[in-house]
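Data block below; observations after.
Residue numbers (the working numbering): 1 to 324.
Okay, structure coming up:
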C-alpha cells in the first residue's frame, strides 16, 4: 500500500541500486526520502548509525548499501568484503529496530546460493551446499543479513523483508577497471577497443558460464513492489525462516553471448578472445522468480535495450569516455 507521506531512509543512495530506488520512490510521489552519504554517515560505525536513527523520524528503511565488486575484487579484498558488509547490515538493522522502525527492506545477492545449486535457483536452496569460492565472504555476509531480518521478525514482530537480485547493471554502475562487475567491465573494455582501433578484446574465462542479468531500474521497481506489499500477501509466499524473495529476469545467456551483444552495442567489429586461464566462477546462475511473479511483478527491460541505455549513460557521465 502506498503512503507517500511516509519518511523512507535509503541507505546506499549513491550506488547503482540505491540511486535507482530513490528515483523510483520519487516517481511514485514520495517527498520524504532521507539519504546520507559516507562523509555524513559511516555505516560501519555503530555509534554513528545509532545517532543518525535517533535524530530522524523514519517510517521505512531500504538497506541497499554494500561493498560490492567483481571476481577480481572479491579475490583480492575478501576481509574487507565480509567485514564491511557485516557491519553495515548489523548496524542499520539493529538501529532501525531500536528506533522503532517497523518496516525494512534488505537487498542481498544471488551469490547466497550454493555453487552447484539446482537451476533455476529457488529460495529454499539457501544453506544447502558449498558456496562459490570466489565470492564466499560476500555471500556469507549477505546470508547473515537475511538471517538478521528473520531473527528480528521472529523475536520482535518486525516486518523486515529481503530481496535477492540476480546480476545487476545500469546507470551509476561501477566502471573502474580493477573492481567492476562483468557488464560495466565489458562495456568499458569494448568502448576503449573501438576508439583505440584494437583488433581484439580479451574476456576473462572460457565464455561458457551462463548468467542472468537485470537492469537496475527493473530491480528498483521490484524492490519497491515487494516493500509495499500487504503483509498478509508477502507472508503468504514466504516462511519465517525462508523469508527472502528472488528478483531476476528469468532469462539467461552465456558470457560469450553477452560479449557478442556488448560488441554490437558499442560498435566493436574485431575478434573476441577468451582467456580460459582466468576463473569462470559458478557454471550457471539463474534465479527461480516464480514467487515474485506470484506476487504480481516481472521484469520488463530486455538485455540489449538495457545495455544500450547503460552504454549511453557511461559515455555521458565518464569524461575519459567522452574524450575518445
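Just so it is clear, CB atoms sit at the ideal spot from N, CA and C, and this is done for glycine as well.
N- and C-terminal bounds of the beta strand (DSSP E) containing residue i
| i | result |
| --- | --- |
| residue 313 | Unbroken run through residue 313 is the alpha helix (DSSP H), 303–317; no beta strand (DSSP E). |
| residue 203 | 200–204 |
| residue 9 | 8–11 |
| residue 63 | 60–63 |
Span separating the alpha-carbon of residue i from that of residue j
| i | j | result |
| --- | --- | --- |
| residue 32 | residue 8 | 6 Å |
| residue 170 | residue 75 | 24 Å |
| residue 102 | residue 232 | 15 Å |
| residue 49 | residue 63 | 13 Å |
| residue 3 | residue 300 | 25 Å |
| residue 205 | residue 278 | 5 Å |
| residue 27 | residue 51 | 30 Å |
| residue 263 | residue 185 | 13 Å |
Identified DSSP bridge partners for residue i
| i | result |
| --- | --- |
| residue 162 | 106, 244 |
| residue 239 | 242 |
| residue 274 | 203 |
| residue 215 | 169 |
| residue 254 | 210 |
| residue 285 | 211 |
| residue 121 | 287 |
Assumed close pair residue i, residue j - CB separation to whole angstroms, cut-off 8 Å
| i | j | result |
| --- | --- | --- |
| residue 190 | residue 149 | Not confirmed; about 39 Å, so no contact. |
| residue 259 | residue 296 | At roughly 34 Å, the Cβ-Cβ gap does not stay under 8 Å, so residue 259 and residue 296 are not in contact. |
| residue 46 | residue 85 | Rounded, the Cβ-Cβ distance is 15 Å, inconsistent with contact. |
| residue 214 | residue 165 | 6 Å |
| residue 242 | residue 123 | 6 Å |
| residue 70 | residue 181 | 5 Å |
| residue 163 | residue 223 | 6 Å |
Proximity winner among the options, relative to residue i (alpha-carbon distances)
| i | options | result |
| --- | --- | --- |
| residue 108 | 185, 167, 236, 281 | 167 |
| residue 94 | 129, 147, 301 | 147 |
| residue 220 | 13, 3, 4 | 13 |
| residue 89 | 143, 247, 30 | 143 |
| residue 188 | 135, 172, 311 | 311 |
| residue 211 | 234, 133, 303, 38 | 303 |
| residue 128 | 118, 18, 270, 244 | 118 |
| residue 196 | 235, 173, 255, 270 | 270 |
| residue 266 | 10, 34, 192 | 192 |
Minimum Cβ-Cβ distance from residue i to chain C less than 8 Å
| i | result |
| --- | --- |
| residue 202 | The question asks about chain C, but that chain is absent: this structure has only one protein chain. |
For residue i, the first and last residue of its enclosing alpha helix (DSSP H)
| i | result |
| --- | --- |
| residue 18 | 16–27 |
| residue 188 | 182–196 |
| residue 152 | 136–156 |
| residue 74 | 71–76 |
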